[in-house]
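From first to last, the protein sequence lines are chains F and Y. Every letter in the first sequence is one number past the one before it in the numbering used here, and letter 103, counting from 1, is 102. With positions in the second sequence counted from 1, the corresponding number in the numbering used here is that position plus 537. Heads up, the beta-carbon is just placed ideally off N, CA and C, and yes, glycines get one too. Being a predicted model, the structure only gives us computed values, none of them experimental. Below: one structure, written as structure tokens.
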Amino acid sequence: MEVSNPTKLTVNKAGLFSRFLKVIKKDDNIPAYVLMAPMLLGFLVFTIYPIIYVLRWSGFDYDGFSQAVFIGLENFIRVFTRDSSFWNSVLNTFIITIGKMAFEIPLALVLAVLINSKSKVNNFFRTFFFMPTIISMAIVGIIFSILFGSYNGIVNVLLVNLGITADKINWFGDKWLSLIVIILAAVWSHYGITMIFFLMGLQSVPKELYECADIDGASPIQQFFMVTIPMLKPIMQTILMLAIVEGMKMSDLVLVLTNGQPGGQTEVAMTYIYKYFFPTDAMAGGLIQYGYASSLSVVMAAIIGIITIIYLRLSKNMSEV
Amino acid sequence: MKNYAKKISKIPALIFLSIVFIISIFPIIYIILASFKSNAEILTSGANLLPEKFITDNYVKAWTLANFKLYTWNSIYMAFFIVIGSIFTSTTIAYVLQRGKFVGSKFIGGLFLSTMFISLGTSSLFPQLQVAKLFGLHTSLWGVIIIRVLGINVTQVFIAKGYMSTISKEIDEAAKIDGCGFIRIYWNIIFPLLKPLIATIGLLSFRAAWNDYMLPMVFTLAKPDRAPLVVGVVNLRNSGEAASAWNLMLAGTSIAIVPMLTVYLFLNRYFIEGLTSGAVKG
């Protein structure tokens, strides 16, 4: 933009307007906004509006039919003092996120190191390790509910036939067993992507480092811990970030696989909130509570935001090798 | 001799890789094979991988009796319009942000980026449904299509921006001297150069659209006939007749995953590149 000339400070209104027009006509202002208009509108309506919606209604007692009543912070007091089921679902979200990371990240790293060199066999493995990631999370939920079915599920049949367990296990009758199945399903459907991230990271490690380590007499295992792992720090930062955010937002898989059963014990935060917006008989007595659902959304968005910021602070030094 | 020892040392690694290989394909193979079993066989002998007798009756029934013909059609048209639409909107936004000189470009770029840190997840479904209701789109997949196409997919925009930054700006400037405007430069010059990018974005949005569950589920709550495949399969499972329709559910699940798998087996390189490049750049 032009720097305004101090002697021209006293311009009349018409002058201001024509200068405004000049600025607008300069560069690509008009065509740029014309091109962006539909998407900007979509962004405002479908991304920004939901944020405003939950912020606004979080202060109301609102069921969509009767007059909404402003109740101040009452919804938030209810979230923090009287809704232990919500905090249980948040705890489940943490357990699943951490359990998935603890299992998936070492597995993906080892696989990436093993198939790093270019060969036909490795290409074959890469293609099939990645394959589960292209299947819908909801379908993954169905597949795992079939595999782990208590009567005729193949996992139970295999466990009994191999003599590992005496009786068939009722996987979905117990909170912890259900959580384990959820974690296994989540790992199965996502380790391929994490492995590819590690492969990308490995490609950026200079070959000379390994040659030097070889000359110094370092064994492959020593090389892995002293060269590979430190060089993978930047990609690790991205992988952890994605794993945390995606884990906290998990919904489809849990909704299809356990739907919170048994007795709402395996609910995660996003499915819990969803059920207050779209109530069924099982929860909230089938009552619509948009106001309360909104305040739950605000609390969960804040939790995810705070965790993201803390993580970015803590992992700052990981972005450089 | 040394070579021989090296080959031996690779065997444990190969065994490990093979085990993981089996784990990653077993569930898919199991489901597809089970979809050829009769309902009685599914309920009694879950352990056999191969069906005693191959029957295709499940598919015929799923197709005609359980509405899967309709679900498949819904999935195809929803995915088609989302793919076509996303290609245009993602590349356009990327072009404007990457090349455009306009007031507020930094602000708008930052606004898109900042929403990556605000995660409403499932909470945005209801407000989106309310907006669609205003236009009468709340019981149709058109609501889903419009939200997915106009609601800006930040990952795709980042991939597109990264690709566009590799196209020389001299091309634009030459066109500008010849009197080409901002929009015509995009349409006549930049867009035709984007073929590999269009393939990547097309694949990404096809995968997302074909696999989408929550949004189309919410939009078809009132009209289950309009559900896409994934929603249809889950609805069938949640319905009361789940046990008697076990075979139909397996056939439906196969119908839902086989098209994706086929596309993947032919184009896996582009899938892998596309799915990972955006996240890292973002």
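- Identification of chain Y residues near MET317 of chain F by a Cβ-Cβ cut-off of 7 Å yields none; the smallest Cβ-Cβ distance measures about 14 Å.
- The Cβ-Cβ distance between GLY259 of chain F and LYS99 of chain F does not fall below 8 Å.
- Beta-bridge annotation (DSSP): VAL68 of chain F is paired with F:ASP60.
- For ILE684 of chain Y, same chain residues with a beta-carbon under 8 Å away, outside a window of 5 residues either side, are GLN665, ALA669, LEU752 in chain order.
- Nearest Cα to LYS21 of chain F within the set Y:SER627, Y:VAL640, Y:VAL686, Y:PHE663: Y:VAL640.
- MET130 of chain F and GLY140 of chain F have their C-alpha atoms roughly 16 Å apart.
- Taking C-beta separations shorter than 8 Å and ignoring five residues to either side along the sequence, the partners of SER84 of chain F in its chain run GLY263, GLU266, TYR271, following chain order.
- By the Cβ neighbour-count rule, LEU34 of chain F is buried, with 16 or more other Cβ atoms within 10 Å of its own.
- Nearest CB-CB separation between TYR291 of chain F and chain Y: not below the 8 Å threshold.
- Under the three-state reduction of DSSP output, PHE19 of chain F falls in the helix class.
- Per the Cβ contact rule, the region 562 to 580 of chain Y is not in contact with the region 753 to 767 of chain Y (fewer than 3 Cβ pairs under 8 Å).
- Under the 8 Å criterion on CB atoms, TYR750 of chain Y is classed as interfacial with respect to chain F.
- Of F:PHE69, F:THR132, F:ILE138, F:SER188, the smallest CA-CA separation from LEU256 of chain F is found for F:ILE138.
- Take PRO37 of chain F, set aside five residues on each side of it, and no residue of its chain has a beta-carbon closer than 8 Å to its own.
- The three-state reading of DSSP puts LEU90 of chain F in helix, counting H, G and I together.
- Per DSSP, the unbroken alpha helix (DSSP H) holding GLU73 of chain F starts and ends at 73 to 76.
- TYR150 of chain F counts as exposed, since fewer than 16 other beta carbons sit within 10 angstroms of its beta carbon.
- Scanning chain F for C-beta atoms nearer than 7 Å to the C-beta of GLN665 of chain Y yields PHE45, PRO49, reported in chain order.
- Contacts between THR652 of chain Y and chain F, judged by CB atoms closer than 7 Å, involve THR46 in chain order.
- Membership of PRO37 of chain F in the alpha helix (DSSP H) is indicated by the continuous run 28 to 42.
- ASP166 of chain F: not part of any alpha helix (DSSP H); DSSP gives it neither H nor E.
- Listed in chain order, the alpha helix (DSSP H) elements of length 4 or more contained wholly in the region 95 to 172 of chain F are 119 to 129, 136 to 146, 153 to 160.
- At least one beta carbon of chain F lies nearer than 8 Å to the beta carbon of MET797 of chain Y.
- Taking 8 Å as the upper bound for CB-CB distance, PHE563 of chain Y and THR628 of chain Y are not in contact here, some 39 Å apart.
- Within the same chain, ILE735, ILE738, GLY739, SER742 come within 8 Å of ILE624 of chain Y by CB-CB distance, once the 5 residues on both sides are set aside.
- Proximity of ILE738 of chain Y to chain F, defined by a Cβ-Cβ separation below 8 Å, is not satisfied.
- If you draw a straight line from the Cα of LYS232 of chain F to the Cα of MET317 of chain F, it is about 5 Å long.
- Nearest in C-alpha terms to THR126 of chain F, of all of F:ALA111, F:MET136, F:LEU72, is F:ALA111.
- SER188 of chain F is positioned such that its CB atom lies no closer than 8 Å to that of MET249 of chain F.
- Burial of GLY152 of chain F is indicated by the presence of at least 16 other C-beta atoms within 10 angstroms of its C-beta.
- Nearest neighbour of ASN155 of chain F by Cα position, chosen from F:ASP215, F:PHE223, F:ILE168, F:PHE276, turns out to be F:ILE168.
- For ILE568 of chain Y, a Cβ of chain F is located within less than 8 Å of the residue's own Cβ.
- MET653 of chain Y is classed as exposed because its beta carbon has fewer than 16 other beta carbons within 10 Å across all chains shown.
- When DSSP states are grouped into helix, strand and coil, TYR750 of chain Y belongs to the coil group.
- A Cβ-Cβ separation of about 6 Å places VAL767 of chain Y in contact with ALA793 of chain Y under the 8 Å criterion.
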